[in-house]
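As you go down the protein sequences, you meet chains A and Y in turn. Quick note on my numbering: the first sequence kicks off at 1 and runs consecutively. Quick note on my numbering: the second sequence kicks off at 1001 and runs consecutively. This report refers to the structure that appears directly beneath it.
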Amino acid sequence: MSRLTLEDLTLAQGGRTVLEHISGTFEDGAITALVGANGAGKSTLIQAIMGLLSPLSGQVHCSMPKERRAWLPQQLALDLTFPMSVEELMLTGRWPTHGTFKRYGPDDYRHMHGVMQRLGLSGLAHRPLGELSGGQRQRALLGRTLMQEAELLLLDEPFANVDTHTVELLCGTLRDIANAGATVIVVLHDMEQLARLADCVMLLAGGHAQWVEPETLLERHHAPARRHAHAQAPFISLNLPDVPPCSTY
Amino acid sequence: MLDLLTTLDAWLIAPLTDYAFMRRALVGGLALSLAAPPLGVFLMLRGMSLVGDAMAHAVLPGVALGFVLAGFSLPAMSLGGLVAGLLVAGLAGSVSRMTGHREDSAMASFYLISLALGVMLVSLRGSSVDLTHVLFGSILAIDDTALWLIASVTSATLLVLALIFRVLVVECLDPLFLRGQGIRGGLVHGVFLGLMVLNLTAGFQTLGTLMAVGLMMLPATTARFWSQRLEGLIGLAIVIAMLSSAGGLLLSYHLGLPSGPCIILIAGTIYLVSALCGRHGSLLARLRRRAAPLEKHEDTCTSS
């Protein structure tokens, strides 16, 4: 089943057409990797799916309510100097059910403690946001989306500047979220992470999208050789006209 | 001992028991101190500390217009100030959204136009004495109408702030998250700016248009040196504002100085002292903190 479909989508950013005729179906419970060079339109597509950017033509069919879509952008809008603790940040994830007025009850706190334990944040509940490391911050933000009980997760390079332990944890949690039936879309550059995480890959290049199986992409790019080349900057060539399309599309 | 009590009474209590205008000024000042500092805390956290100042300037032509049309009438001047302030805030917001320019540049442009208009209006009709009143406030002018106005503004501000508190916090912290939830941050921002204008207008009688913003910002920036929690910041800012109001009024009474600058200078002194020896980020705290990591490092070395 799918609750997110793109239909012949054309998107522009600041008067420049970024993506043209994008179509595709994101399956429930699948993790889709969004791959493409800088400026290929990954963030633009995410904004359109979030409903923050109206398409020039075509449509985003998303049957998940707006408040159940969670977006972790790469460039955080989060103000880290704001005097707020991890616990308080996570509780803001209760927005869909609590809005401006409803009080947080014991259930919310119980849920939050569960999420914190799962993400290894239990000792950091009262730590101010400004004192968190990159990995801890990313975990706290994922914690907020878990509190939100998001059905659609859009993550823009969630593993950038994050320690390996956190990467493990985030990958596991994302898989659990997907297994629970959510649609997960992750922007990835690293082939190793793509190999571990993605069920399906959407390649963006030259303003167009192409769906491929992760294995095909990895074979093509000799992923085994790259798996140990952590120091090397991830690089993906984007001329792939002969790659067979992904079966989920 | 008795001497000390008499002196204290003469300095602190007698001005209030002897003069009704001092009592009114104190009540007005305390009421202002209840509503303005929380707004200042949010302004500071949003990186908009100077926007308060811009808005204070923007209020001026409205106040001046009220003065030109109706003389030294508080309702007319307040209403004028409110309209001018909201107009500048609204125009700046619209222009910034339309052009994509940053809001502060639009606001700077509009408040300067507004300020020039205000000064021109006052100089066309009034004497320089009147202008001083408008700019720096006069506690003698606080009558019951003024008190009612201040009390109403304070009540309304606290009520609205309570209603929008969570959304305001989330908007400050992560505007993108709020947008994702389908809430338009612009509306929250607009209501917030409206509250700010309302408080600046209420404050101009005691403090003057330009000084009113001081009671909003200085307690907030001072509190930052003492607390890292939002509740702490707001609570402390209110206490600091109240102390400054009471202290400033007494100082202005005893030394025969204008009340606005006195109140703000007391708040400013508290700020400077806090910057030197506050708990967080002050000069003293920095000196202390510089030594701490080394000790910790030594500990871990010896234990391992």
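Beta carbons are placed, not taken as given, at the ideal position from N, Cα and C, and that holds for glycine.
Simplified DSSP state of residue i, which is helix, strand or coil
i	result
Arg110/A	helix
Arg94/A	coil
His208/A	strand
Leu19/A	strand
Ser1107/Y	According to the sequence shown, residue 1107/Y is Met rather than Ser. If DSSP states are grouped into helix, strand and coil, Met1107/Y belongs with the helices.
Phe1042/Y	helix
Phe101/A	coil
Ser1037/Y	Just to set this straight, residue 1037/Y is Pro in the shown sequence, not Ser. Residue state, collapsed to three classes: helix.
Ala125/A	coil
Ala225/A	Interpretation of Ala225/A is limited by its pLDDT of 47, a score under 50 that renders its predicted location unreliable; the figure taken from the coordinates is listed afterwards. Looking at Ala225/A - three-state DSSP - the assignment turns out to be helix.
Met116/A	helix
Phe159/A	coil
Asp28/A	coil
Ala12/A	strand
Leu1193/Y	helix
Leu1187/Y	helix
Met202/A	strand
Leu53/A	coil
Endpoints, the alpha helix (DSSP H) within which residue i is located
i	result
Gly58/A	Looking at the DSSP string, Gly58/A is not in any alpha helix (DSSP H); the run it does join, the beta strand (DSSP E), is 57-62.
Arg196/A	191-197
Gly959/Y	Only positions 1001 to 1304 of chain Y appear in the structure, and residue 959/Y is not among them; the question remains open.
Gln136/A	134-147
Ala1267/Y	1259-1277
Thr216/A	214-220
Ala70/A	That residue, Ala70/A, is in no alpha helix (DSSP H); its beta strand (DSSP E) goes 69-72.
Thr164/A	164-179
Leu1087/Y	1074-1099
Gly1236/Y	It is worth fixing the name first, because residue 1236/Y is Leu in this sequence and not Gly. Counting along the chain, the alpha helix (DSSP H) containing Leu1236/Y begins and ends at 1230-1255.
Ser43/A	42-50
Minimum C-alpha distance to residue i - residue among the options
i	options	result
Gly1185/Y	Val1153/Y, Val1169/Y, Val1197/Y, Leu1198/Y	Val1169/Y
Arg1166/Y	Ala1156/Y, Gly1214/Y, His1189/Y	His1189/Y
Gly1052/Y	Leu1121/Y, Gly1281/Y, Met1107/Y	Met1107/Y
Ala1212/Y	Pro1219/Y, Leu1043/Y, Gly1203/Y, Leu1255/Y	Gly1203/Y
Val1027/Y	Ser1049/Y, Gln1181/Y, Ala1146/Y, Ile1264/Y	Ala1146/Y
Leu34/A	Leu154/A, Arg175/A, Glu67/A	Leu154/A
Met90/A	Val186/A, Ser54/A, Lys102/A, Met116/A	Met116/A
Leu1163/Y	Glu87/A, Lys102/A, Ile46/A	Lys102/A
Ser1259/Y	Gly1182/Y, Phe1225/Y, Ser1138/Y	Ser1138/Y
Thr100/A	Leu1161/Y, Thr1006/Y, Thr1007/Y, Gly1235/Y	Leu1161/Y
Pro96/A	Leu121/A, Gln74/A, Pro65/A, Tyr109/A	Pro65/A
Thr1222/Y	Arg1288/Y, Asp1143/Y, Leu1265/Y, Leu1091/Y	Leu1265/Y
Arg127/A	Leu9/A, Phe82/A, Ile22/A	Phe82/A
Leu1121/Y	Ala1151/Y, Leu1065/Y, Gly1047/Y	Leu1065/Y
Asp190/A	Pro55/A, Gln210/A, Pro158/A, Ala178/A	Pro158/A
Leu6/A	Arg16/A, Glu20/A, Gly14/A	Glu20/A
Pro1261/Y	Thr1206/Y, Ala1020/Y, Leu1276/Y, Glu1231/Y	Thr1206/Y
Gln136/A	Val184/A, Val86/A, Leu146/A, Gly105/A	Val86/A
Phe1110/Y	Arg1024/Y, His1254/Y, Gly1090/Y	Gly1090/Y
Arg305/A	Arg175/A, Met147/A, Leu204/A	Shown here, chain A extends from 1 to 249; a query on residue 305/A therefore has no answer.
Thr25/A	Met1/A, Val167/A, Gly15/A	Met1/A
Glu4/A	Gly15/A, His221/A, His113/A, Gly29/A	A quick correction: the sequence has Leu, not Glu, at residue 4/A. Checking every option, the nearest Cα to that of Leu4/A belongs to Gly29/A.
Continuous beta strand (DSSP E) stretch holding residue i: start and end
i	result
Met1/A	Counting along the chain, Met1/A falls outside any beta strand (DSSP E), and DSSP gives it neither H nor E.
Thr81/A	Looking at the DSSP string, Thr81/A is not in any beta strand (DSSP E), and its letter there is neither H nor E.
Trp1148/Y	Trp1148/Y -> not in any beta strand (DSSP E); alpha helix (DSSP H) instead, spanning 1144-1173.
Leu34/A	31-36
Asp1009/Y	Segment: none, Asp1009/Y is in no beta strand (DSSP E) and carries neither H nor E.
Ile185/A	183-187
Leu154/A	152-156
6 Å Cβ shell around residue i - same chain, five flanking residues per side excluded
i	result
Met84/A	Leu129
Ala1070/Y	Ala1076
Asn38/A	none
Leu218/A	Ala195
Trp1226/Y	Leu1236, Gly1278, Arg1279
Ser1274/Y	Thr1222, Phe1225
Ile46/A	Leu154
Ala1241/Y	Ser1033, Pro1037, Leu1215, Pro1219
Cutoff 7 Å; reference residue i; Cβ partners in own chain excluding five residues on either side
i	result
Ser1114/Y	His1057, Ala1058, Leu1060, Pro1061, Ala1084, Val1088
Gly134/A	Asn161, Val162
Val18/A	Leu11, Ala12, Gly41, Thr44, Gly207
Thr1201/Y	Val1059, Ser1078, Gly1081, Leu1082, Gly1085
Thr1017/Y	none
Nonlocal neighbours in the same chain, by C-beta distance under 8 Å from residue i, ignoring five residues either side
i	result
Ala198/A	Ile31, Thr32, Ala33, Val186, Leu188, Pro214
Gly51/A	Val60, Cys62, Lys66, Arg69
Exercise for the section: Scan the segment 197-212 of chain A for residues whose Cβ lies nearer than 9 Å to a Cβ of chain D and list them as they occur along the chain. Expected result: Looking at the structure shown, chain D is missing, and the protein chains on hand are A and Y.
Handout entry: Whole beta strand (DSSP E) elements within the segment 1200-1228 of chain Y, 3-residue minimum
Key = none
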